[in-house]
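Visitor: Numbering (UniProt numbering), first residue to last: 1 to 158.
Heads up, the beta-carbon is just placed ideally off N, CA and C, and yes, glycines get one too.
Since this is a predicted model, take the numbers as computed values, not measurements.
1. Per DSSP, what are the beta-bridge partners of residue 99 in this structure?
2. Applying the criterion that 16 or more other CB atoms from any shown protein chain within 10 Å of the CB defines a buried residue, is residue 74 buried or exposed?
3. Look up residue 40 in the DSSP assignment and say whether it is helix, strand or coil.
4. I believe residue 77 touches residue 93 by the beta-carbon criterion, under 8 Å. Please report the beta-carbon distance rounded to the nearest angstrom.
5. Taking the beta strand (DSSP E) that residue 48 belongs to, which residues open and close that run?
6. Note down, in chain order, each residue of its chain lying with its Cβ closer than 6 Å to the Cβ of residue 124, except the 5 sequence neighbours on either side.
7. Inspect the CB distances between the region 116-133 and the region 144-151 and report whether three or more fall short of 8 Å.
8. Flag this pair as yes or no: are the beta carbons of residue 119 and residue 90 separated by less than 9 Å?
9. So which of 121, 71 and 117 has the shortest CA-CA distance to residue 85?
10. Starting from residue 155, trace the beta strand (DSSP E) in both directions and tell me its first and last residue.
11. Please report the Cβ distance between residue 83 and residue 51, rounded to the nearest whole angstrom; I am assuming they are in contact, meaning their Cβ atoms lie under 8 Å.
12. Are residue 71 and residue 44 touching if we call contact CB-CB under 9 Å?
13. Residue 134 lies in the beta strand (DSSP E); which residues open and close that run?
14. Near residue 17, which residues of its chain fall below 7 Å by C-beta distance, leaving aside the five closest residues on each side in sequence?
15. Determine the extent of the alpha helix (DSSP H) in which residue 88 is found, giving its start and end residues.
16. Taking a contact to mean a Cβ-Cβ separation below 9 Å, would you say residue 39 touches residue 47 in this structure?
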C-alpha cells in the first residue's frame with residue numbers, strides 16, 4: 001500500500017480489505033522500486049494510490065523494468081488527479097481507474113465511479129449514499145450551481 005497508514009485512505013482500506021479476505025502487502029519502508037517489484041512478484045491486481053505517485057506508473061525506468069500487467073484497478077484520492085496521467089494509466093495498463101473524494105472526518109464523501117462505469121476526468125464520482133453535498137458562497141452562504149467555486153458543505157445521516 002503506497003498510502004501512509006495514518007492517511008484516511010490507508011487506515012480505511014486496511015480493515016475493509018481484511019473483512020473481504022483480500023491479501024495485503026504492507027511494508028515498513030516504501031520505495032517505488034519495492035512496490036513495482038511486489039506488483040510483479042505477487043501479481044497485485046488493485047493499487048490504491050495518490051496523485052503525486054501517478055506519474056511514476058507511466059514515466060521513468062522502473063515502470064519499464066517490471067511487469068505491472070497484473071493490475072486491474074487503480075484508485076486514488078487525497079488531491080485532484082491530473083486527467084492526462086489517469087488516461088495514460090488506463091491506456092497503458094487497461095485498468096479500471098477510480099478517483100474518490102473524502103476527508104478524515106467523513107471518510108468517503110464521493111466513492112468514485114462504479115466498477116462498470118468509465119473514468120470521467122475531473123469527477124470524483126457520485127455522492128455516497130446517506131450523504132448530502134452543496135457548494136455555498138463564502139460570504140453570503142447562498143447555494144451555488146455547478147462548476148462554481150465556493151465552500152463545500154457536507155451532511156450525513158443523523
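Guide: By the coordinates alone:
1. Here residue 99 corresponds to residue number 99 of the chain shown, with the count starting at 1. According to DSSP, which records beta bridges pairwise, residue 99 is partnered with 76.
2. Locating residue 74 in the chain shown gives position 74, where the first residue counts as 1. Buried, since its Cβ has 16 or more Cβ neighbours within 10 Å.
3. The residue you call residue 40 lines up with position 40 of the chain shown. Helix at residue 40.
4. Reading the chain shown from its first residue, position 77 is the one you call residue 77. Reading the chain shown from its first residue, position 93 is the one you call residue 93. Going by Cβ atoms, the distance from residue 77 to residue 93 rounds to 19 Å, so no, they are not a contact pair.
5. Within the chain shown, residue 48 is the residue found at index 48, counting from 1. Counting along the chain, the beta strand (DSSP E) containing residue 48 begins and ends at 46-49.
6. Locating residue 124 in the chain shown gives position 124, where the first residue counts as 1. Closer than 6 Å at the Cβ level, and outside the excluded window around residue 124, lie 99, 100, 101 and 110.
7. no
8. Taking the first residue of the chain shown as 1, we reach residue 119 at position 119. Taking the first residue of the chain shown as 1, we reach residue 90 at position 90. Yes; because the gap between Cβ atoms is below 9 Å, this pair is in contact.
9. For the purposes of this step, residue 85 is taken as residue 85 along the chain shown, with counting starting at 1. Of the candidates 121, 71 and 117, the one whose C-alpha sits nearest the C-alpha of residue 85 is 121.
10. The residue labelled residue 155 in the question sits at position 155 within the chain shown. 151-156 is the extent of the beta strand (DSSP E) around residue 155.
11. In the chain shown, counting from the first residue as 1, residue 83 sits at position 83. In the chain shown, counting from the first residue as 1, residue 51 sits at position 51. With a Cβ gap of about 11 Å, residue 83 and residue 51 do not count as contacting.
12. Locating residue 71 in the chain shown gives position 71, where the first residue counts as 1. Locating residue 44 in the chain shown gives position 44, where the first residue counts as 1. Taking 9 Å as the Cβ cut-off, residue 71 and residue 44 qualify as a contacting pair.
13. Here residue 134 refers to the residue found at position 134 of the chain shown. Per DSSP, residue 134 belongs to the beta strand (DSSP E) from 131-136.
14. Here residue 17 refers to the residue found at position 17 of the chain shown. Result list for residue 17: 24, in chain order.
15. Start at 1 with the first residue of the chain shown, and residue 88 comes out as number 88. Residues 83-93.
16. Position 39 of the chain shown holds residue 39. Position 47 of the chain shown holds residue 47. Their beta carbons are under 9 Å apart, which means residue 39 touches residue 47 by this criterion.
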